[in-house]
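Scroll down for the structure; my scribbles are underneath it.
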Amino acid sequence: METAIALERATKRFGELTAVDALTLEVPRGATVALLGANGAGKSTTVGLLMGLHAPDAGRVTVAGLAPRTAVVQGRIAAMLQDCGLMPGVTAAEVVALGRRMYPAPLHVEEALELAGLRELAHRRVDRMSGGQAQRLKFALVAVAGADTMLLDEPTRALDVQGRREFWAAMRTCAASGRTILFATHYLDEVEENADRVVVMARGRIVADGTPAQIREAGGQSVVRFRIPATELAQLPELPGRLTVEHGWATVRTADPDTVVRLVARGDAAWSDLRVAPPSLDDSFLALTGPTGPALFEEARA
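Numbering (full-length UniProt numbering), first residue to last: 1 to 302.
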């Protein structure tokens with residue numbers, strides 16, 4: 001399978017700060033990959049390396065087999081960066097028409113607006129757009145490049161729920177056309193809904209890399225809940241995990257839900273309404289970005 005993005009032990013330092021530390025990542029063409037991490041994890045610096053905005057201090061970075069700056073000039077990659085402004089007083093179509101002049105093989109203005117879900121707003125002035133519409137216009141500026149690979153750095157930052165929904169609907173349309181999309185975010189629901197692969201970063205390194213389900217299961221704990229009268233609590237066997245009881249419900253957070261269910265079912269306590277919930281991505285993210293994160297992920301995959 002053709003490789004769209006490759007970083008081979010790429011390192012980037014800013015003074016004494018190592019923002020990206022010997023990072024190795026390969027993304028095949030056509031994939032939609034989420035780059036997940038807390039602020040300061042190295043996501044934006046990684047995007048900067050791929051766009052040629054930063055030169056690596058060590059290691060190698062390529063886009064479609066080319067140096068990043070060459071790939072940008074040839075229109076093979078385009079990015080939506082965090083602090084990209086828009087000109088006021090002009091229409092959406094005019095902004096996109098201006099942007100397309102920078103690329104050697106751009107899409108037509110109408111195609112880019114269609115991909116961004118803005119065809120009906122082509123003649124609306126930028127300063128009269130909602131936050132969600134303006135963000136989709138920024139996406140249209142990426143789409144018009146006609147690039148094989150798109151980088152989206154925190155694309156829905158500061159958008160409300162409706163704005164985020166509109167943006168990702170437009171992005172999924174673009175992904176369906178076969179383009180490679182790498183997006184950096186800290187919104188975990190966006191990862192669940194839009195990525196087929198998740199790369200978790202912490203302290204400039206990759207600590208986990210897999211499908212959303214693999215990431216969720218690697219670091220999180222399942223939750224087993226059941227009703228139990230207070231008079232029956234003493235009859236519960238010792239359970240693997242952390243047990244709490246509130247308002248007649250026992251909750252066990254555990255890495256071994258099967259054993260918990262088996263022990264409760266075979267025990268002498270009277271219980272009812274037993275339920276098991278899988279690990280949440282939120283819990284997994286917190287665990288994987290902690291000091292023992294890489295070991296947790298490797299143990300889960302063993």
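Every residue gets a Cβ at the ideal spot worked out from N, C-alpha and C, and that includes glycine. These numbers were taken from a predicted model, which means no experiment stands behind them.
Exposed unless 16 or more other CB atoms sit within 10 angstroms - verdict on H108: exposed
Where does W271 sit, in a helix, a strand or coil, going by DSSP? coil
How would you call S177, buried or exposed, if buried means at least 16 neighbouring beta carbons within 10 angstroms? exposed
Buried or exposed for W168, going by 16 or more other Cβ atoms inside 10 Å? buried
Between which residues of its own chain and T156 is the CB-CB distance below 6 Å, once the five residues before and five after are set aside? R164, F167
If you pair each beta-carbon of the region 52-70 with each one of the region 6-19, do three or more pairs fall below 8 Å? yes
Any idea if C174 is buried or exposed, counting beta-carbon neighbours within 10 angstroms, 16 or more meaning buried? buried
L286 lies in the alpha helix (DSSP H); which residues open and close that run? 281-288
Proximity to A78 [Cα-Cα], best of L25, F183, A213: F183
How many angstroms separate the CA atom of A92 from the CA atom of D256? 53 Å
Candidates R100, T149, V144, E94, of which the one nearest D127 by Cα: E94
For the structure I just gave you, are there three or more beta carbon pairs, one from the region 274-294 and one from the region 188-201, closer than 8 Å? yes
Give the single residue among A250, I181, I215, L236 whose Cα lies nearest to the Cα of D268. L236
Which of helix, strand or coil does DSSP assign to L53? coil
Entirely enclosed beta strand (DSSP E) segments - the region 97-182, minimum 3 residues: 149-153
Checking 7 Å against the spacing of the C-beta atoms, do A4 and T185 come in under that value? no
Using 8 Å as the threshold, is the region 104-119 in touch with the region 128-143, meaning 3 or more CB pairs across them? yes
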